[in-house]
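Numbering (this note's numbering), first residue to last: 35 to 243. What follows is a single structure, written as structure tokens, with notes after it.
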Amino acid sequence: MPVNLNALIRYKTIDECLSNLNLKCTIDVLINKCSEKLIENQGIESGVSERSIRNDIRILRSDILGFNAPIQCVNGIYSYNDDTFTIYGRPIKEKELLIEIQDLLVEKFDLLKNENKNLNELLFCLSKITDVKIPIKCYPSSSGNNIFPKKIDGYFRNKVDFKIKLNGYVQKLNSPTQEHFLEKFFSNKKVELFNWRFILDVLDSTSDL
């Protein structure tokens, strides 16, 4: 199933709403929250239709993108029947989907790069996993590069934190206790290639791992 940036932003927003135990998530609330997020991130002021949100819920509940979200609806209020669930922790098990996501992020790179400086690190990592090259502009800058202006407090700390967590996660995936890294791509057995957490984190500037 083709993925697009607006849909991913809506999935992330719906997940955040359903994870908020203090929020009564009616369809109207989800529509408003997703519309606000798309205006904030994409400048899209046309709003989100009820049909789109209901289809998003269907996809989140399904295995189409590997979410399998336990979404329930009681008296018109949507929530997770597991308070600990979040799509952030769900695995991506299809290489084709990972390539599609990488292509999308490369396509939208110029739009997203100013919102989240971790995008370069993510794309560089994805390219090593998918074996699909990325443009030079998408490569992370060298840690010794001093041509950039001084950043706001916390910028480098957040970027380093993301890189450490990302590299630690990939290292864990490739640990000797598991099958060889490359064997994952040639096996019929569905294994975890990546985690949605790192994809969703780069979709807006307010993300925090």
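Every residue, glycine too, gets a C-beta built ideally from N, C-alpha and C. As the structure is a computational prediction, the values presented were derived from the model and not from experiment.
- DSSP lists P125 as the beta-bridge partner residues of N229.
- A straight-line Cα-Cα distance of about 22 Å links N56 and E84.
- Setting aside the 5 residues that flank it on each side, G100 is surrounded in the same chain by R124, P125, I126, K127, E128, L131, W230, each with a C-beta closer than 8 Å to its C-beta; the list follows chain order.
- Where I163 is concerned, there is no enclosing beta strand (DSSP E), although the alpha helix (DSSP H) around it starts and stops at 153-164.
- For the pair I73 and E79, the Cα-to-Cα distance works out to about 6 Å.
- For D144 and I233, the gap between their C-alpha atoms comes out near 16 Å.
- Looking at the backbone, the Cα of G77 and that of T164 are separated by about 31 Å.
- CA-to-CA, the gap between K58 and N115 works out to about 14 Å.
- N150 and Q106 have their C-alpha atoms roughly 32 Å apart.
- Taken through DSSP and simplified to helix, strand or coil, V37 comes out as coil.
- Annotation for I61: E84, I87, R88, G110, Y112 place their beta carbon closer than 8 Å to its own, counting only its chain and skipping 5 residues before and after.
- Nearest in C-alpha terms to E70, of all of R44, D117, S175, L146, is R44.
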